[in-house]
Each structure stands twice: as structure tokens, then as C-alpha cells.
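The next block holds one structure in the form of C-alpha cells; read it before the comments.
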Amino acid sequence: TGPEPLLELSGVRSAYGAIEVLHGVDLVLHPGSVVALLGPNGGGKTTALKVCSGLQPVTAGEFRLAGRVVNGADASQLARLGVCSIPEGRGVFPNLTVRENLWVATGTGHSLDELESAAYQRFPRLGERRSQLAGSMSGGEQQMLALSRALGTAPTVLLLDELSMGLAPRVVTEMYDIVGQLAAEGLSILVAEQFARAVLPIATSAALMLQGRVVRSGDPQEIDRELSTSYLGG
Ligand code: ATP
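As C-alpha cells, this is what we get:
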């Protein structure tokens, strides 16, 4: 029971060409929650996120958004329904400045002024670097920029892939604190993360993905205990 899930995968299968890599994935994201998608390399986390953002087709099962089946929807349709993803590697344009990167999100109806003031209010450091090329900034600053640009589209669902990649541990903590705040503001967040310890403090629930299936899901602390007592702990 409880509120209706905002995003739900039920028995979702997906393939790259003839090779199936998701073999029936079940996943539930409730409004205002953070679901941590955990597990080793190659388990299918990125592919599951691609399904959720419309970049990877569903060959069987159901993908529902706010109760509606959206199996065939493409990335732009899902974006209009409020799904926004920050890919692994962040997807900022390295040869554009901070301002110019934000400008890219103005197609969604906000003015550059609005996007800039929201971004610099949340991340003052970005404001100090507004004219700097994104590629010359630190990994954490680029991640702040990617988040700001994503938030500029006023999403309801945010998909994050390996937020911690290439970031110093202190910066990872800082970024996940912000993710936790966004969830508290009502955003629903699905985050794939190999570095489980980083995301568990702010996760509402966790799902462990192995070989194209969610093999366990539930309380983040319990999943963490299982991870740390098995070879998966790394
Ligand atoms: P990672 O953290 O490395 O991204 P992951 O858990 O996200 O791992 P996926 O990237 O979803 O896993 O990969 C799942 C499986 O699909 C792997 O066996 C991978 O080799 C395969 N795969 C991923 N992308 C492609 C592709 N474009 N073409 C063919 N196979 C792919």
C-alpha cells in the first residue's frame, strides 16, 4: 500500500541487438524517494537507467510512469513527462562556459536568468565560475553544473549514473547531501552507484542488481550489510 509509485519497472527485459542483458527487472520508485541501484560492473544498472530515460527499448514487461504504461516512449517524450537523466560522465559541454551550458537548458521554457539564479543560489561556487569553461573545472563542479542544468528542466524523476565517479570522497559526500535535499524537496531519484557507501546514507531503499536482474531490494542498511559480508563488498 502507500502512495502510487511514480516510476515502476515490472519484468522488464531489454537487449542490445540479439543479446538480452535485462532479464526481467522489477523496480519501484515512489515520489520523493531515493532508490539506490547497487551491484558490480556489468550487472545492468546503466541499461536499467537507459530504459527509464527512453534510450533503450523494452522488449518485454512493463515500464510505467505515474501509472501509465510508457514502454514505447522515446527520450524526448519521457523528458516531457518529467524524466531527466544525468549520464555517467555528466554530459556537460567541456568547451562551453558554465553560463553557456545552462543556456542549453533554456529550450525548456526557463530564461537563462532564471536558470542562472537558481543554479548559483544552490551552488555559489558555480556563480564564481560562470564564465569559466566547464572542461577546466573540477569533477565536483562539473557535477554541480550537470545537476543545475538537469534541475532547469523542472524534472519529477531524476536518473543519476555513478555520481561518485572520479570525485574525491569529500566531494561525493557533498554531492549526495544535495541529492538528499532534492528528494526532501519532492524530487524522485533513481541512482546507480557502485560505491554503495556513498549513497546509502540518503537512500530510501536499495536494489541489488546482478546479471540483469534485481536480486534483492529493500532497506538500504540491510542490503549494505549483505553487500559487506559477501564478496560483492569489494
Ligand atoms: P557499469 O557500471 O559498467 O555501467 P552496469 O551494471 O551499469 O555496469 P551495464 O552497463 O548496464 O551494466 O551492462 C550490462 C551488460 O550489457 C554488460 O554485460 C555489458 O557488457 C552489456 N552492454 C552494455 N552496453 C552495451 C552495448 N552498447 N552493446 C552491447 N552490450 C552492451
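Going by our numbering, the letters in the sequence shown line up with residues -14 to 219, in that order.
A virtual CB, placed ideally from N, CA and C, is assigned to each residue, including glycine.
Legend entry - Whole-angstrom C-beta distance between residue 28 and residue 150, which should lie under 8 Å: That belief does not hold up - the Cβ atoms of residue 150 and residue 28 are roughly 16 Å apart, past 8 Å.
Legend entry - Minimum C-alpha distance to residue 139 - residue among 171, 162 and 114: 171
Legend entry - Beta-carbon proximity of residue 69 to residue 143, cut-off 8 Å: yes
Inset, instruction - Just tell me which of 113, 112 and 130 has its CA closest to the CA of residue 120. - result: 130
Legend entry - Alpha-carbon to alpha-carbon, residue 107 and residue 122: 17 Å
Legend entry - Option in 141, 146, 104 and 137 with minimal Cα separation from residue 126: 104
Legend entry - residue 177 beta carbon near ligand 1 (any heavy atom closer than 7 Å): yes
Inset, instruction - Pull up the DSSP beta-bridge partners for residue 45, would you. - result: -2
Inset, instruction - Taking residue 148 as the reference, give the member of 161, 202 and 85 with the closest Cα. - result: 161
Inset, instruction - Kindly examine ligand 1 and report whether one of its heavy atoms sits closer than 7 Å to the Cβ of residue 46. - result: no
Legend entry - Closest by C-alpha distance to residue -1, when choosing among 206, 202, 198 and 213: 198
Inset, instruction - Quick one: residues in its chain with C-beta nearer than 8 Å to the C-beta of residue 110, no 5 flanking neighbours on either side, listed in chain order? - result: 126 and 129
Inset, instruction - Assuming residue 270 contacts residue 51 (C-beta within less than 8 Å), just tell me the rounded distance between them. - result: No information on residue 270 is available, as it lies outside the stretch -14 to 219 that the chain covers here.
Inset, instruction - Could you spell out where the alpha helix (DSSP H) holding residue 195 opens and where it closes? - result: Run containing residue 195: none in the alpha helix (DSSP H); it sits in the beta strand (DSSP E), 190 to 195.
Legend entry - Simplified DSSP assignment, three categories, for residue 141: coil
Legend entry - residue 6 (DSSP reduced to helix, strand or coil): strand
Legend entry - Residue from 16, 47, 15 and 10 with nearest C-alpha to residue 31: 10
Inset, instruction - Within the region 149 to 202, note down every full alpha helix (DSSP H) run reaching 4 residues or more, in order along the chain. - result: 154 to 169 and 181 to 184
Legend entry - Residues whose Cβ lies closer than 5 Å to any heavy atom of ligand 1, in chain order: 1, 6, 26, 27, 28, 29, 30, 31 and 32
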